[in-house]
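Chains as they are written, first to last, in the numbering used here: chain A, 235 to 617; chain B, 17 to 389; chain C, 432 to 597.
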Amino acid sequence: MKRPVAVVGVGQTHHSARRADVSIAGLVREAVDRALLDAGLTHEDIDAVVIGKAPDQLEGVMQPEQFLAGALGAHMKPLLRVHTAGSVGASTAITAVTHVASGLYERVLTIAFEKQSEGNAMWALSPSLPFTPPLVAGAGGFFAPYCRAYIAKSDAPAHIGPMTVVNARENAMRNEYAHLRETVTLEEVTESIMLWEPIRYLETCPSSDGAVAMIIASEEQAKKGPRRPAWVKSGYSYAEAMWVPGRDQVSPRAGRDCVKHVYDTAGITDPWNQIDTAEIYVPFSWFEAMWLENLGFCAEGDGWKVIDRGDQRFGRHLPINPSGGVLCTNPIGASGMLRLGEVALQVMGRAGEHQVDGCKTALGHAYGGGAQYFAIWIVSSEL
Amino acid sequence: MTQLRNVAIVGFAQAPIVARDEHRTAQEMLYPQVRRALEECGVSRDDIDYQVAGSSDYIDGRPFGFVMALDVMGSWPPRQDLHVEMDAAFAAYYAWLRMQAGDCDTAIVCGYGKSSEGDLDRVLNLQLDPFYLGAIGLDPTSTAALQASVFMEREKKSDVDLAEVTARNRAAGARNPDALLREATSPDDLAATEWVAAPLRAGYLAPKGETAVCLVLAAEGKAESMCDHPVWIQGLDQRIEMQNLGARDLAVGGGTELATRKALAMSGLATAADCDLVELSAANAAEEMILCGAMGLDPEKPQPVINPSGGALCGHPLMMTGLIRLGEVFRQLSGRAGERAVPDAERAMAHATSGHCLQQNLVIVCGKDRRWT
Amino acid sequence: MSQPPDEPVKYIESKIHLPYDYVAGDYRALYMRALADKKILGSRCSVTGKVFVPPLMSSPESFAPADELVELSDRGIVTTFCVVNIPVIGREVELPYVAASVALDGADISIFAMVQECKAEDARMGMRVEAVWKPDGERTGDHTDISYFRPTGEPDAPRESYINRL
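Now the structure itself:
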């Protein structure tokens, strides 16, 4: 990056299965207003807007940023609309970082949303595609075989998936914005219906309405306050082709390449000890163990052991998803930006009840497509 | 003002626009263009640092349509990547920003999409506010006609004016081997075509088509070895307006005016008339006149030449029309425009748009010379 | 004029129906037509020799054309799978069923397919399976010509042949 960039404001909505109290415009505005208030700025201060969401078919509006331009305060401003599948919330925020790093923009509003209740998500995500046999309903059917392959490769015991969910739900109890705020026991998870074996109902992310916004700003702006900013040390988005013979869908190379680039530029040589917390994209239980390995927090095959020991729980060595993560809140297009926004709040010291003590350096991550898209950033309390 | 890098367009490949390619998918159409663009630059896929594409899931008729394009863009090993749900010209704008941020030196920018597969009027109705505008069944032709009507009333323009603008574009398109419509047509013949939505006749509307395009950008230091005549980006800007048609003055391209002013200021030019040619993404003849007004151009004057390629009025592949304008600027300024070359062209401006009634507009000023030292 | 309703309007319902006329592409069309003759076609990369099924025009790995069509076996191995307990839109199938990644013999990428004539608890990675075709006269040259895959009863493939591929 040509010059330092910081997060100076974060705002998110309360998330639920159906935010019937607001329209799509009302939902995005709720997040935008909170982010501006947090940054002590107004719409007039914003130089550009970068918005992301998952497929337009989810709400049934094509390029909805066009009808939302007024509500976003984007009238007569530059606007970009990003779409990189499930990783979009994170790649959108990184796109906003580029805007500021370029030297051309001082304060950029970035926002991601999904109002899944306005459409039929199951239909939107698994339509009858041309020339392809309909095979399974929902994203779970697509990713479950990857989880099975992980279990087979790493000899992970069966309780790891359910255990991950129990911890995520416990974490979400400390997050007032989370969608699912109800603890579950290991038995409840294990006894819930098996949807796409090895993935059970309670091991699956919910379908949420929600939005999150951030104000990304230059060093000069960040130093004006009113609050301590989160400095963006590095952020990249990577993608890889689908039909590569021997492609490793369990630990995709795009994820490894992306995080290596991020670590190299942020000066991270020992992520397990240098990073204080991470928010990673875990839509189905087993992906927490898989991403711990892919992100280099442990050796290949050891991800499940971290979870088995509980080293990733709140208050332990490396708290993962202290917000409860995607397993508790999943407005698809916003889920990636929530990961990045949550770690920004952590290094700002303003994550509320789920604040990780002494958090200085944190990693936010999202993935999408057939585990092909990765977007990762590292933020720090120090410039 | 921050120190900016000189970035050039160094390659461009486009398949001729067709109404429908029955033999190839969008990805199969894109693959040869990516190969051609790289071959033209004399580089291998691994020499490119960044890839960015523009397309639409609703044009593709499926969610995540762009994911399949990764497989033909050479995304192995994994690449730094982004996709925008916009005309691919906006993807080029972002690649330029990324180079300004210092994160890459070379990029491919891809556009694709098969407009023929869906019913575009119904698809593009979905761009409108679902409560007030979409629900009453407006489509791009009816919103364009509303805009044309306001503009023509205000500026005292007539059916003959629309016919003449269209005829000028069609005459130019006849010299462009990549155009969809390649026959000159007289204003009289155009004025005899049927009304689609008055004041717009069938002859004044951009014909929908499909193709695939790949543009290559490179920063100073890399650009020189990739192209005999790099075309340097000298200034650019983009603006969106609110959608609500009743809240905007549709006769005036406010966003275009502002984007043009900012882009010209960055490029150090006083007026758009300092360009030798301008390529506009006008989907009908009235839009072209509105854009000219917003840019301060007088189409009666010999300079700049408006749409030497024939413009969108000779072929309008959605999600690519804007990037093709930028590609035409590259071809004109790098000596690749064949018989439609504008003589001695030094500087040019490309325009892209998104949404109904010119809601969002991007302006890019390019020249044969580097902008910054 | 009737009285305005007591409750404000909270939703409008809009049913979106969009017809699309997709182009299969010549390669995919050849593949589908060949299914009518109980043949599975793949394409071979001109640089690496690796085989893609359904056929791709170019290799995502090498970025080279894959312009040679080859005929593949209708047998292969289950590299991984899941057991599905929720119905799939557009297909009548008894629950639960096995959705598997199947590596056909001679192919370098897998296809996603349904496995039947096999209890869910008997499904396993490395299991040998074969295509069950629709009867002669009923095949029309599209993806429904293969009804499903079923176990062949051959010995399972060794672990190293599937553990690093999906």
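A virtual CB, placed ideally from N, CA and C, is assigned to each residue, including glycine. All values reported here derive from a predicted model rather than from experimental measurement.
By the Cβ test, the stretch 158–168 of chain B is not in contact with the stretch 305–322 of chain A, since fewer than three Cβ pairs between them sit closer than 8 angstroms. In its chain, beyond the 5 residues on either side, Leu526 have a beta carbon closer than 8 angstroms to the beta carbon of C:Ile517.
For the stretch 444–468 of chain C, the beta-carbon criterion of a distance under 9 angstroms to any beta-carbon of chain B is satisfied by Ser445, Ile447, His448, Leu449, Pro450, Tyr451, Asp452, Tyr453, Val454, Ala455, Gly456, Asp457, Tyr458, Arg459 and Ala460.
Using beta-carbon distances, B:Leu307 does not count as an interface residue toward chain A, since no partner is under 7 angstroms.
The secondary-structure analysis by DSSP pairs A:Val239 across a beta bridge with A:Ser452.
A Cβ of chain B is located within less than 7 angstroms of the beta carbon of C:Glu492.
Its chain contains Gly70, Met335, Gly338, Ala368 and Ser370 as the residues whose beta carbon lies nearer than 6 angstroms to that of B:Asp103, once the 5 sequence neighbours on both sides are disregarded; these appear in chain order.
For C:Val501, no chain A residue has a C-beta closer than 8 angstroms to its own C-beta; the minimum C-beta separation is roughly 14 angstroms. Inter-segment contact for the stretch 468–480 of chain A and the stretch 432–443 of chain A is absent: fewer than three beta-carbon pairs are separated by less than 8 angstroms. Burial state of B:Leu54 is buried, judged by a 10 Å Cβ sphere holding 16 or more other Cβ atoms. Minimum Cα-Cα distance from A:Ala390 among the listed residues A:Trp538, A:Asn409 and A:Met582 corresponds to A:Trp538. At a C-beta separation below 9 angstroms, C:Ser477 has no neighbours in chain B, since its nearest C-beta there lies roughly 13 angstroms away. Relative to the Cα of B:Leu136, the nearest Cα in the group B:Gly77, B:Cys291 and B:Asn323 belongs to B:Gly77. Under the Cβ criterion of 7 angstroms, B:Thr41 is counted among the residues facing chain C. The contact set of C:Ala588 on chain A, defined by CB atoms closer than 9 angstroms, is empty, because the minimum CB distance reaches about 13 angstroms.
For the C-beta of B:Arg352, not a single chain C residue is nearer than 9 angstroms; the gap to the nearest is close to 24 angstroms. The continuous beta strand (DSSP E) containing A:Leu597 extends over residues Thr595 to Gly602.
Counting of Cβ neighbours within 10 angstroms places A:Leu271 among the exposed residues, the total staying below 16. Per DSSP, B:Phe106 has no beta-bridge partner at all.
A Cβ of chain C is located within less than 7 angstroms of the beta carbon of B:Trp92. DSSP assignment within the stretch 54–101 of chain B yields the following whole alpha helix (DSSP H) runs of 4 residues or more, N-terminal first: 73–76. A:Ser614 sits in a strand when the DSSP states are folded into three classes. Of the candidates C:Tyr453, C:Glu444 and C:Thr583, the residue whose Cα lies closest to the Cα of C:Leu535 is C:Thr583. Listed by position along chain A, the residues whose Cβ is nearer than 7 angstroms to that of C:Arg596 are Gly480. Chain C places a beta carbon closer than 7 angstroms to that of B:Gly77, counting this residue as a contact. Legend: CB atoms of the stretch 121–137 of chain B lying less than 8 angstroms from CB atoms of chain C belong to residues Lys130, Ser132, Glu133, Gly134 and Asp135.
Under the three-state reduction of DSSP output, A:Gly245 falls in the strand class.
Around C:Arg522, the beta-carbon contacts reaching into chain A at under 7 angstroms are Pro368.
Considering only beta carbons, the part of the stretch 242–264 of chain A lying closer than 8 angstroms to chain C consists of Ala254, in chain order. Taking a 10 Å sphere around the C-beta of A:Arg252, we find fewer than 16 other C-beta atoms and assign the residue as exposed.
Residues Cys532, Gly537 and Val540 of the same chain have their beta carbon placed closer than 6 angstroms to that of A:Leu526, with the five preceding and five following residues left out of the count. Its Cα nearest to that of B:Ala207, the residue B:Val176 stands out among B:Cys230, B:Ile322, B:Val176 and B:Ala188. Excluding its 5 nearest sequence neighbours in each direction, C:Lys441 has no C-beta neighbour in its own chain below 6 angstroms. B:Gly331 is the residue among B:Gly331, B:Ala218, B:Leu252 and B:Thr41 whose C-alpha sits nearest the C-alpha of B:Ser297. Listed in chain order, the beta strand (DSSP E) runs fully inside the stretch 518–592 of chain C are 528–535, 542–546, 559–564 and 577–582, counting runs of at least 3 residues. In this structure, C:Arg475 sits near C:Val482, with a CB-CB distance shorter than 7 angstroms.
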